[in-house]
């Protein structure tokens, strides 16, 4: 088949393929966070399935022997529809709501949306290199892969650091779908049917992007403020982060907060009698820990720069008390030179899902590092109410390997999952333990040493 496109146009199409492919992967990872979380056991299989579908696309493209431009143009049009409609937030929400079990819904999303998209995009480079027959095979594939990878590189930076941050996830979806339509147009298959299909994809993308959803989307999370029913409360409302209840508030006196926030406030203000103390809160939530509490100095650290504005405008209805720092919690405790009288850890990205790097021994070492000599660390964990699972046992053991023995309070003992409040003091270094047995029972000696 004659080369109907100039080299710059061919490389532009390959660049668009790389941009849209990586963009689809980035968007998919972001869209499933509210439903699956962002742990490595979710992101790694997603990347793996995407790469497998891409490899199968390479294999399919290598077998194509004619109609190169028409096939790639068709693939781009289908991929644009899958991107504009399939990756839209409303579609992802619908899949997870309709199917039920999150794991099954995840597999359906991968099989119906992301993997077909990757398979279509994977065919592009092996097909279009057939139009560069005057070049050596290595030279042709090298240039094609260069521009494809360059597109992927720019996509990863542009979408995550600019588009999602400033314009939102829907804008990233629309941009990738539009670029794929541009790629189809560059391939030269301009006719009435192609134009009609492009217009249909544009309309579908706009409808899905503009479809009303309760969520307030940022690059990091989806937030929802919804009314709730609390007996005796005035205008009670919930602040949800990725479908997980983060905070409650109402207009009455005394105010209604979530039970764990009430509990932590009581520990700080009543049990410890904190006044004029410096309190670090890792994970901002709805900023209710410091709500109407002017007696102490609060510093909130959260990775999402938009969360304070959203909480103030949509949830609190007033300015949040305390300093707000945009940073990753682990980075902050590892690098800050400031010291605090208390560190409150509440770092959930979704229901019962803490980012993996915020449960390790090294993270808890960081929380102890920023405490004063007599400081206290309070962590809100969501664990099984009997503390029997490996996750519960190992997480508590990890914390106590840094702090020594800590107090553990289960707030909802009759529920399968419960808020568990862990209170650790910086003054109690970890010490070796021994068991009391009949043969050599040192209980009386230890009791004397403890006074």
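Numbering (our numbering), first residue to last: 267 to 717.
Every residue, glycine too, gets a C-beta built ideally from N, C-alpha and C.
Could you give the C-beta distance for residue i and residue j, rounded to a whole number, given that I count them as a contact under 8 Å?
i: residue 670; j: residue 614; result: About 25 Å separates the two Cβ atoms, so there is no contact after all.
i: residue 562; j: residue 540; result: 5 Å
i: residue 612; j: residue 592; result: Not quite, the Cβ-Cβ distance comes to about 17 Å (not below 8 Å), so this is no contact.
i: residue 467; j: residue 447; result: 6 Å
i: residue 677; j: residue 529; result: 6 Å
i: residue 509; j: residue 691; result: That pair is no contact at about 34 Å.
i: residue 660; j: residue 687; result: With 8 Å as the limit, residue 660 and residue 687 do not qualify as a contact, their Cβ atoms being about 18 Å apart.
i: residue 587; j: residue 559; result: 7 Å
i: residue 422; j: residue 292; result: 6 Å
i: residue 531; j: residue 555; result: 7 Å
i: residue 595; j: residue 624; result: 6 Å
i: residue 443; j: residue 346; result: 5 Å
Does DSSP put residue i in a helix, in a strand, or in coil?
i: residue 351; result: helix
i: residue 583; result: coil
i: residue 471; result: helix
i: residue 396; result: helix
i: residue 608; result: strand
i: residue 540; result: coil
i: residue 672; result: coil
i: residue 659; result: helix
i: residue 603; result: coil
i: residue 644; result: strand
i: residue 710; result: helix
i: residue 653; result: coil
i: residue 679; result: coil
i: residue 267; result: Only weak support exists for where residue 267 lies, its pLDDT of 41 falling under 50; the coordinates are left without a value.
i: residue 556; result: coil
i: residue 638; result: strand
i: residue 360; result: helix
i: residue 515; result: strand
i: residue 365; result: helix
i: residue 719; result: No information on residue 719 is available, as it lies outside the stretch 267 to 717 that the chain covers here.
i: residue 301; result: helix
i: residue 453; result: coil
i: residue 459; result: helix
i: residue 546; result: strand
i: residue 439; result: helix
Using only the alpha-carbon positions, how far apart do residue i and residue j sit?
i: residue 471; j: residue 445; result: 12 Å
i: residue 537; j: residue 477; result: 48 Å
i: residue 438; j: residue 373; result: 23 Å
i: residue 268; j: residue 329; result: Residue confidence is low: residue 268 scores 47 on pLDDT, short of 50, so the model does not pin down where it sits. Its coordinate-derived value is still stated next. Cα to Cα, residue 268 sits roughly 18 Å from residue 329.
i: residue 609; j: residue 643; result: 5 Å
i: residue 441; j: residue 475; result: 11 Å
i: residue 711; j: residue 695; result: 20 Å
i: residue 402; j: residue 394; result: 14 Å
i: residue 420; j: residue 348; result: 21 Å
i: residue 497; j: residue 376; result: 42 Å
i: residue 289; j: residue 674; result: 43 Å
i: residue 725; j: residue 713; result: Nothing in the structure corresponds to residue 725, since the chain is present only between 267 and 717.
i: residue 424; j: residue 484; result: 15 Å
i: residue 364; j: residue 378; result: 14 Å
i: residue 639; j: residue 350; result: 54 Å
i: residue 543; j: residue 604; result: 13 Å
i: residue 354; j: residue 294; result: 9 Å
Run the CB neighbour count on residue i, radius 10 Å, all protein chains shown included, and call it buried at 16 or more, exposed below.
i: residue 384; result: buried
i: residue 506; result: buried
i: residue 214; result: No answer is possible for residue 214: the residues shown for the chain start at 267 and end at 717.
i: residue 705; result: exposed
i: residue 667; result: exposed
i: residue 297; result: buried
i: residue 709; result: exposed
i: residue 500; result: exposed
i: residue 460; result: buried
i: residue 332; result: exposed
i: residue 707; result: exposed
i: residue 621; result: buried
i: residue 718; result: Examination of residue 718 is not possible in this model, given that the chain is present from 267 through 717 alone.
i: residue 699; result: exposed
i: residue 693; result: exposed
i: residue 607; result: buried
i: residue 361; result: buried
i: residue 575; result: exposed
i: residue 679; result: exposed
i: residue 512; result: buried
i: residue 272; result: exposed
i: residue 626; result: exposed
i: residue 601; result: exposed
Touching by the beta-carbon criterion (3+ pairs, under 8 Å), the region 319 to 335 and the region 375 to 388: yes
Segment contact, 8 Å Cβ cut-off, at least three pairs: the region 427 to 442 with the region 408 to 416: no
Meets three-Cβ-pair contact criterion under 8 Å: the region 647 to 654 and the region 563 to 583: no
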